Amino acid sequence: MLDMKSKVKVIIQAIILAGITVFLFFVLKQMVWTIVAGTLCLLFIVTGFFIPKAFKRIEAFQKFLAKIINLLLTWILLTPFYYICFTLGRLIILLANKDPMERRMPPEKTSYWETYEGNTNPDQFTRQF
Amino acid sequence: MTILGISALYHDSAAALIKDGEVIAAAQEERFTRKKHDPDFPVNAIKYCIEEGKIGKKDLDAVVFYDKPIKKFARILTTYFSVAPKGLRSALMAIPVWMKVKLWVPLIIEDTLEKLDIELQGEPYFAEHHQAHAASAFFPSPFEKAAILTIDGVGEWATSTIGKGNGNRIEIMRELKFPHSLGLLYSAFTYFTGFRVNSGEYKLMGLAPYGEPRYTELIRDKLIDLKEDGSFRLNLKYFGYLDGLTMTNRRFNKLFDGPPRRPESEITQREMDLARSIQDITEEIVLRMAKHAARITGEKKLCLAGGVALNCVANGKLHESGVFDDIWIQPASGDAGGALGAAMMLHYHIQGNSRKPDGIHDKMKGSYLGPGFSDSGLKEFIDRSAYPAKKITGTDWAGTIAGLIDKGKVIGLFNGRMEFGPRALGSRSIIGDPRSPKMQSIMNLKIKFRESFRPFAPSCLEEDVEDYFDFKGISPYMLLIANVKKDRIKNTDPNIPLREKINQVRSDIPAVTHVDYTARLQTVSNESNPEYHSIIKAFKELTGYGIIINTSFNIRGEPIVCTPADAYNCFMATEMDYLVLGPYLLDKKEQPDRLNKDKWKIDQILD
């Protein structure tokens with residue numbers, strides 16, 4: 000048996016799917032999708048209340064699917080952003096002859112220690128930067 | 000003034016609570032969640048600190064986080080700006096986590112405290128990562144003033160700093176910046192030799208004495224430009240951590256005769272030589288940095304912290320060198336200690352509260368700052384499951400345990416408050432007889448289920464330390480190595496294979512004598528842990544040896560045990576003979592279901 004919290008989850012999901020079914024049937028008049036949404040709605044109610052093991056499997060699949068979608072969306076959005084923004088930034092840095100990573104090892108340098116840049120004033124501790 | 004310090008979201012999350020400068024509680028999250036090096040926000044550790052400090056709804060005056068998230072994120076973005084178009088895979092992994100979690104630390108703190116029914120007075124504070132390390136090194140130390148050296152992987156930008164502490168103030172003077180990091184250099188070799196980064200570094204250190212330093216010159220020529228004052232730059236052409244998901248790259252493979260060793264595959268002479276070479280370089284850098292710190296601060300005492308300060312071999316060499324008259328090392332030197340340092344930074348440096356060190360005792364209470372269990376609580380645990388146990392009290396307690404050690408038995412010791420930091424110091428320890436030639440192999444393979452080359456550490460009576468080791472002073476937190484005294488050493492053949500080397504009888508305390516005749520030493524005083532001291536003393540009365548083996552109470556890949564239930568599970572999952580739960584002694588032979596291996600199996604995540 001599912002606990003109360005899970006049952007509430009089943010009911011919420013079933014209500015949402017029922018709403019989608021009604022919308023597909025009356026507004027979009029999409030018979031095939033109406034059947035798909037309606038079947039899913041029934042499946043949630045039946046498994047949620049009578050076959051909890053099956054419902055848990057469905058839930059796990061939903062989570063897996065959500066994870067994949069999340070990952071794909073991240074990649075789709077972030078990949079072009081990375082190449083456009085960061086590569087452009089890199090070009091500007093190169094043109095300015097700067098190297099934030101300080102890769103160079105100038106032979107004339109006798110020390111790489113730098114004077115500490117941070118400060119220890121009290122108000123600095125209220126900031127995240 | 001009650002202050003909660005938090006370190007989280009990288010590795011070894013932890014919480015620490017101080018009241019008017021006194022350390023009340025500190026613990027790592029991994030001990031509660033049973034997930035080694037747990038990086039998650041330390042909800043359980045915070046809950047423990049709140050309970051231990053009996054903090055009411057309005058009693059918490061301040062919360063300090065151990066680094067500055069936005070500054071750290073800026074460093075990560077800057078890194079991508081300097082490597083793009085490379086680095087995409089790393090960015091795809093890192094940026095979403097930052098956007099979703101790591102940039103919202105104040106909200107996470109607020110949410111966590113709300114769940115624990117604690118009302119925070121004001122906004123949380125944020126220390127810098129290396130400020131927190133420096134504070135964790137200096138403020139609990141016994142010194143009125145001292146030089147401070149912090150060395151780790153990376154914080155916001157700093158990777159090493161030199162500073163000075165005086166009374167209730169800290170001044171950081173010099174820094175080395177990312178990506179030039181001794182911690183990351185050591186981690187690169189940890190990765191390359193087939194161990195886990197941020198976890199297996201101590202294995203690399205343990206492996207080093209088996210090798211020859213035949214790569215030292217190559218490392219110096221190709222990987223690092225090291226200056227006389229210990230500062231350096233890395234040749235980033237050979238490393239993968241800026242633009243990839245691994246610490247090293249193909250150029251590195253070519254330089255060191257092939258690809259990285261696959262985890263769990265056989266360790267070859269190459270790995271041993273690499274371990275020795277990078278260990279030698281690390282020791283040299285630490286020593287040079289310390290000399291420079293002595294020069295620019297003019298101080299005679301040194302406080303150390305940061306992950307590299309857990310390298311007890313380098314610490315031992317530094318101690319031996321005499322660069323400083325005295326050294327104090329924070330026992331939770333890694334990121335966990337940042338929680339304590341951040342809280343202390345606020346209390347002393349920012350709020351200006353007075354600090355009165357006595358020059359002898361530190362403020363860490365032996366590092367026994369974690370959860371403890373009363374005798375009645377332990378009895379309740381034993382009674383609940385009807386485990387057969389015998390109660391031993393008074394002087395019999397230490398004598399009985401010592402007698403069992405003398406008989407060659409291996410004992411799980413669960414007594415008092417849990418240690419803060421990576422070392423077990425006699426509260427959550429597995430103990431045994433150091434005189435036994437077979438004990439190292441037995442404990443490694445049958446009890447800890449770990450690599451057989453790894454050495455065990457001794458716990459020695461503080462008053463007897465000079466009888467066993469060429470060592471003057473104290474090492475209460477097992478952070479220094481020392482040479483076993485020459486008159487105890489037995490001659491061995493150096494030209495034999497590794498497996499045989501491990502089983503050589505190298506001294507009259509072979510189980511704690513590493514192949515290079517050193518030991519990672521813990522000195523135990525009657526003051527810091529009287530009960531543990533009494534066991535070693537009783538062992539001395541029986542055998543003439545005031546020294547025992549002490550290894551952490553866990554198996555490989557598992558965090559050190561926290562509760563009696565964790566201890567019992569570990570006891571049953573291994574071939575330990577006895578378990579001491581406070582005053583109760585449990586004999587394996589009498590335990591129900593002892594033959595049901597599946598019931599007691601602990602999921603091992605190989606580290």
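So the protein lines, in turn, are chains A and B. Here the first sequence stands for residues 0 to 128, numbered as in numbering that gives the first Met the number 0. Here the second sequence stands for residues 0 to 606, numbered as in numbering that gives the first Met the number 0. Note that beta-carbon positions come from the ideal geometry of N, C-alpha and C, so glycine has one too. In this text the structure is predicted, and so the values were computed from the model without any measurement.
query, result
"Cα-Cα separation between B:E540 and B:L377, rounded to whole angstroms", "29 Å"
"B:P457 in three-state terms, based on DSSP", "strand"
"Interface residues of the segment 347–360 of chain B facing chain A [CB-CB below 7 Å]", "H348 and I349"
"beta-carbon A:L39 near the ligand ATP non-hydrogen atom, thresh 7 Å", "As for the ligand ATP, it is missing from this structure, which has no ligand bound."
"Close Cβ partners of B:T517 (< 6 Å) along its chain, the five nearest in sequence each way excluded", "I480 and N482"
"Within chain B, the residues that A:P79 reaches when beta carbons sit closer than 8 Å", "Those within 8 Å of A:P79 in chain B number zero; the least Cβ separation is about 11 Å."
"C-alpha gap between B:G182 and B:I554, whole angstroms", "26 Å"
"C-beta atoms of B:E155 and B:K35 nearer than 8 Å", "no"
"B:G315, buried or exposed, once every other Cβ within 10 Å from all chains shown has been counted against 16", "buried"
"Residues, ordered as in the chain, of the segment 200–222 of chain B that lie near chain A by beta-carbon distance below 8 Å", "none"
"is_contact[A:W32, chain B] using C-beta, thresh 8 Å", "no"
"In DSSP terms, what B:L175 is bridged to", "B:S159"
"Interface residues of the segment 78–94 of chain B facing chain C [CB-CB below 8 Å]", "Annotation note: the requested chain C is absent from the structure, which comprises protein chains A and B."
"Rounded separation between B:Y209 and B:S527 - CA only", "34 Å"
"Proximity to B:F468 [Cα-Cα], best of B:G545, B:K598, B:V96 and B:F251", "B:G545"
"Neighbourhood of B:S474 by C-beta, 7 Å cutoff - its chain only, sequence neighbours within 5 removed", "L520, Q521 and T522"
"Every unbroken alpha helix (DSSP H) inside the segment 40–108 of chain B [4 residues or more]", "42–51, 68–82 and 87–99"
"Residue-level contact to chain B via CB, A:I92, 8 Å cutoff", "yes"
"Pick from B:L584, B:R219 and B:E118 that is closest to B:I400, judged by C-alpha positions", "B:L584"
"Three-state class that DSSP yields for A:W32 in the structure shown", "helix"
"Backbone CA spacing between B:F251 and A:R89 [nearest angstrom]", "25 Å"
"Proximal residues, the segment 259–283 of chain B versus chain A, C-beta separation under 9 Å", "none"
"B:C302 - containing beta strand (DSSP E), residue span", "K300 to A304"
"Distance CB(B:I268)-CB(B:M204) smaller than 8 Å", "The question names Ile, but residue 268 of chain B is Gln in the sequence shown. For B:Q268 and B:M204, no; Cβs fall outside 8 Å."
"Three-way DSSP call (helix, strand, coil) for B:S375 in this model", "helix"
"6 Å Cβ shell around B:H128 - same chain, five flanking residues per side excluded", "D66, G154 and E155"
"Same chain, Cβ closer than 7 Å to A:I19, five either side skipped, listed in chain order", "A36"
"Unbroken alpha helix (DSSP H) run spanning B:R427, endpoints", "Run containing B:R427: none in the alpha helix (DSSP H); it sits in the beta strand (DSSP E), R427 to G431."
"Rounded straight-line distance, which links the Cα of B:Y185 to that of B:Q130", "22 Å"
"Sequence-distant residues of the same chain with beta carbon closer than 7 Å to B:L217, five excluded per side", "L254"
"Closer than 8 Å to chain A by CB, B:D228", "yes"
"Minimum Cβ-Cβ distance from A:F85 to chain B less than 8 Å", "yes"
"Per-residue contacts from B:F231 into chain A (C-beta, under 8 Å)", "Y111"
"Neighbourhood of B:P141 by C-beta, 6 Å cutoff - its chain only, sequence neighbours within 5 removed", "P356, G358, I359, H360 and D361"
"Opposing strand residues paired with B:Y577 [DSSP bridges]", "B:I410 and B:D586"
"Contacts that B:H179 makes with chain A (C-beta to C-beta distance below 8 Å)", "E101 and Y111"
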